[in-house]
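Written below as structure tokens is the structure these notes are about.
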Amino acid sequence: MTKDVSKAPDQDGEKTELKRVMGPGLLLLFVVGDVLGTGIYALTGEVAAKVGGIVWLPFLVAFVLATVTACSYLELVTKYPKAAGAALYTQKAFGVHFLTFLVAFAVMSSGITSASTASQAFAENFGKSFGLGDGAFLITAISIGFMVLLGLINLRGVGESVKANVVLTCIELTGLLIIIMIGAAALMGGQGDFGRAFDFSSAGEQGLFWPVIAATTLAFFAMVGFEDSVNMAEEAKNPSRIFPKVLLGGLLITGVIYLLVSITAIALVDAKALGEGATPLLKVVEAGAPWFPLSVFGIITMCAVANSALINMLMASRLLYGMAQEKVLPSILGKVLPKRRTPYTAIVFTTGLAIALITFVGAVPDLGGTTALLLLAVFTLVNIAVLVLRSDTVEHDHFTSPLGLPYIGAISCAFFVGPWTGRDSVQYLIAAVLIGLGVVLWGATVFYMKSKGQDPLASDMDKLSE
């Protein structure tokens, strides 16, 4: 009964059960909202603590690194416009079910854990903004209620989810524009010290290179999110045509905003003060516009984390749906509501997993760095997959990454995975636990699918692209 929806081919000759509602405008807001997320609201101070005044430089390096890898994603998503993203590309390139499963699990974990942590941040801001307190039981209850609401929005349909994303993106973008306008007013009024932003000696006695590398591992978390959009390929209109301009344009917009915000922040608040506490941009508002109602920024922060959680849950459910369609996961996760055309079993599963994480784990320390660590490892494989799949031709036109960029992307992403970057060792521990859990789940998945008469080890993901 869940498979009665028609599968009409789109402009690329691809068929999908999902509803194509995202044109260029909605897709651009999806990318911008996902990349902006909560990173810039929380990480500016931590980056400043590592490099001093040149806080903008790690964000610039992270932007370049993300753009190089985005070109590889663009070649693959326009070549294979399916919902499974990096896991699909890994399977097509290497054909190893175990590796594909771990890639899918790593990407899904990064989305769900980030969404769960965002829900905790939402609950804490909600409790403080409305005077409800910050008790552990209350925060957990609000977090679970918030996650259930996101699941219902997701079930309602991608159109409703994207509309919510539009509203939340506009709000969080407004917050960052307020920071930029405060900086512009300070510059015109002779307030602040914009020379601090170009004081390269403030990086410390270690020199410039390694502090910038260490800070980039933090700043890169603020740039991830662009890869989530490829999991929405089956709900975008003519994805092979619109993705290149939209994704690169979205990265450029967010990159410029990050640079302007970071320069403004260091100009109005010195690096030492900016690096203290978890609300660096609030300090910028206090310093540059003390008359501005600070409670407004609490609401803006709530909207920013809500948007991040919504987008991550959208991505996680579509990834599971795509993997089930490609017969790497049990087929039950690929079921779609006949009228809403949303992957309801994948949505219920990911929402349940997020609620379990909120209930039994809570906020995971160093989650941002661990998420970036896992995704950088995935990005390394994606860049290599582009090179492996160059010989695989398709009938429709697609974006082609400039010849040398996948090599640069693979080497640079692999470099930033290593411990020499100054990454905290606890991030490797968390990543190892997650990957270990993925191995256990892979074995359980193989056993379950074989008990149902399916053979995941013999699955061929290319069948759905024929």
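Just so you know, we're using my numbering here: the sequence shown kicks off at -13 and counts up by one.
C-beta atoms are modelled at their ideal positions from N, C-alpha and C, and glycine is treated no differently.
Being a predicted model, the structure only gives us computed values, none of them experimental.
- Query: Any idea what DSSP makes of T53, helix, strand or coil?
  - Reply: Locating residue 53 in the sequence shown gives position 67, counting from the first residue. Helix at T53.
- Would you kindly check if the distance between the Cβ of T407 and the Cβ of I199 is under 8 Å? Position 213 of the sequence shown, counted from the start, is the residue given in the question as residue 199. Position 421 of the sequence shown, counted from the start, is the residue given in the question as residue 407. The Cβ atoms of I199 and T407 lie closer than 8 Å to each other.
- Query: What does a CB cutoff of less than 6 Å around L391 pick up in its chain, not counting 5 residues either side in sequence?
  - Reply: Position 405 of the sequence shown holds residue 391. Result list for L391: V54, C57, in chain order.
- Item | Y330, DSSP secondary structure in three states | Within the sequence shown, the letter at position 344 stands for residue 330. Three-state DSSP puts Y330 in a helix.
- Report the rounded CA-to-CA distance for G131 versus S387, giving the unit in angstroms. Residue numbering aside, residue 131 sits at position 145 when the sequence shown is read from its first letter. Residue numbering aside, residue 387 sits at position 401 when the sequence shown is read from its first letter. Going from the Cα of G131 to the Cα of S387 covers about 43 Å.
- Message: Determine whether the beta carbon atoms of V247 and I166 lie at a separation below 8 Å.
- Response: The sequence position of residue 247 within the sequence shown is 261, counting from 1. The sequence position of residue 166 within the sequence shown is 180, counting from 1. Contact: yes.
- Message: Out of T331, P276, V47, which one is the CA nearest neighbour of L137?
- Response: Here the question's residue 137 lines up with position 151 in the sequence shown. Reading the sequence as shown, one finds Gly at residue 137 and not Leu. The candidate whose alpha carbon is nearest that of G137 is T331.
- Message: Pop quiz: V93 and A122 are said to be a contact at Cβ under 8 Å. What is the actual Cβ separation, rounded to whole angstroms?
- Response: Counting from 1 along the sequence shown, the entry for residue 93 is found at position 107. Counting from 1 along the sequence shown, the entry for residue 122 is found at position 136. Contact flag wrong, Cβ pair sits at about 30 Å.
- Answer yes or no: do G169 and L254 have a C-beta to C-beta separation smaller than 8 Å? In the sequence shown, residue 169 corresponds to position 183, counting from 1. In the sequence shown, residue 254 corresponds to position 268, counting from 1. Yes, they are a contact pair.
- To the nearest whole angstrom, what separates the beta carbons of L62 and V232, a pair I think is in contact under 8 Å? Here the question's residue 62 lines up with position 76 in the sequence shown. Here the question's residue 232 lines up with position 246 in the sequence shown. That pair is no contact at about 15 Å.
- Task: Identify, in the order they occur along the chain, each residue of the same chain with its Cβ nearer than 6 Å to the Cβ of L88, setting aside the five sequence neighbours on each side.
- Result: As a working mapping, residue 88 is identified with position 102 in the sequence shown. So the list reads G424, once near-sequence residues are dropped.
- Message: Under 8 Å: do the region 267 to 276 and the region 39 to 48 share three or more Cβ pairs, one atom per stretch?
- Response: no
- Out of A107, V152, E158, point me to the one whose CA is closest to M133's CA. What you label residue 133 is simply residue 147 of the sequence shown in a count that begins at 1. Cα-wise, what sits closest to M133 is A107.
- Thinking C-alpha only, which one of K65, A201, V17 is nearest A371? The residue given as residue 371 occupies position 385 in the sequence shown. Closest option to A371, judged by alpha-carbon separation, among K65, A201, V17: K65.
- Query: So is F206 buried or exposed if we call it buried at 16+ other beta carbons inside 10 Å?
  - Reply: Residue mapping note: residue 206 aligns to position 220 of the sequence shown, counting from 1. By the neighbour-count rule (16 or more Cβ atoms within 10 Å), F206 is buried.
- Query: Would DSSP call G193 helix, strand or coil?
  - Reply: Here residue 193 is taken as the residue at index 207 of the sequence shown, counted from 1. Looking at G193 - three-state DSSP - the assignment turns out to be coil, as it is neither helix nor strand.
- To which residues of the same chain is K258 closer than 7 Å at the C-beta, ignoring the five residues directly before and after it? To locate residue 258, count along the sequence shown from 1; it is residue 272. Cβ within range, chain order: n/a, list empty.
- Item | Candidates D410, I249, P329, L375: closest to L358 by CA position | As a position in the sequence shown, residue 358 is number 372, starting the count at 1. According to the sequence shown, residue 358 is Ala rather than Leu. Closest option to A358, Cα to Cα, is D410.
- Message: Report the start-end ranges of each alpha helix (DSSP H) in the region 224 to 303 that is 4 residues or longer and not cut off at the edges.
- Response: 225 to 254, 257 to 260, 266 to 274
- Item | Simplified DSSP state of T99, which is helix, strand or coil | Stepping through the sequence shown from its first residue, residue 99 is reached at position 113. In the structure shown, T99 sits in a helix (DSSP, three-state: H, G or I).
- Quick one: using the 10 Å Cβ neighbour count with 16 as the cut-off for buried, is A(-6) buried or exposed? On the sequence shown, position 8 is the one that residue -6 refers to. Note that A(-6) has pLDDT 42, beneath the 50 cutoff, so the model's placement of it is unreliable and no number is given.
- Task: Please state if the CB of N298 and the CB of G468 are separated by a distance shorter than 8 Å.
- Result: Not covered by the structure: residue 468. The range shown for the chain is -13 to 452.
- Figure out for me which residue from K436, A201, I421, G11 has the closest Cα to the Cα of C156. Translated into the one-based positions of the sequence shown, residue 156 becomes position 170. Taking only the C-alpha atoms, the option nearest C156 is G11.
- Message: Could you compute how far the alpha carbon of I128 sits from the alpha carbon of E213?
- Response: Mapped onto the sequence shown, residue 128 falls at position 142. Mapped onto the sequence shown, residue 213 falls at position 227. Their Cα atoms are separated by approximately 29 Å.
- Message: Please classify D20 as buried or exposed, where buried requires at least 16 other C-beta atoms within 10 Å of its C-beta.
- Response: Stepping through the sequence shown from its first residue, residue 20 is reached at position 34. D20 comes out buried.
- Query: What are the boundary residues of the alpha helix (DSSP H) that includes P10?
  - Reply: As a working note, residue 10 is residue 24 in the sequence shown. Residues 10 to 22.
- Query: Mind checking M209: buried by the 16 CB within 10 Å criterion, or exposed?
  - Reply: If you number the sequence shown from 1, residue 209 lands on position 223. M209 counts as buried, since no fewer than 16 other beta carbons sit within 10 angstroms of its beta carbon.
- Query: Does S377 have its Cβ less than 8 Å from a Cβ in chain D?
  - Reply: Considering every chain present, this structure includes no chain D. It has just one protein chain.
- Message: Let's test the definition: count the other Cβ atoms within 10 Å of the Cβ of G404 and tell me whether it reaches 16, buried, or not, exposed.
- Response: The residue you call residue 404 lines up with position 418 of the sequence shown. Counting of Cβ neighbours within 10 angstroms places G404 among the exposed residues, the total staying below 16.
- Query: Quick one: Cα of T431 to Cα of A363, how far?
  - Reply: The residue given as residue 431 occupies position 445 in the sequence shown. The residue given as residue 363 occupies position 377 in the sequence shown. So the alpha carbons of these two residues sit roughly 23 Å apart.
- Item | DSSP-derived helix/strand/coil call for D410 | Taking the first residue of the sequence shown as 1, we reach residue 410 at position 424. Reduced to three states, the DSSP call for D410 is coil.
- Task: In the DSSP assignment, find the alpha helix (DSSP H) that holds T386 and state where it starts and stops.
- Result: On the sequence shown, residue 386 is found 400 positions in, with the first residue counted as 1. Per DSSP, T386 belongs to no alpha helix (DSSP H) and is neither H nor E.
- Closest by C-alpha distance to F186, when choosing among I40, G113, I164: Against the sequence shown, residue 186 aligns to sequence position 200. Residue I40 holds the alpha-carbon nearest to the alpha-carbon of F186 among I40, G113, I164.
- Item | CB contact flag (L260, F283, <8 Å) | Start at 1 with the first residue of the sequence shown, and residue 260 comes out as number 274. Start at 1 with the first residue of the sequence shown, and residue 283 comes out as number 297. Contact flag unset, no.
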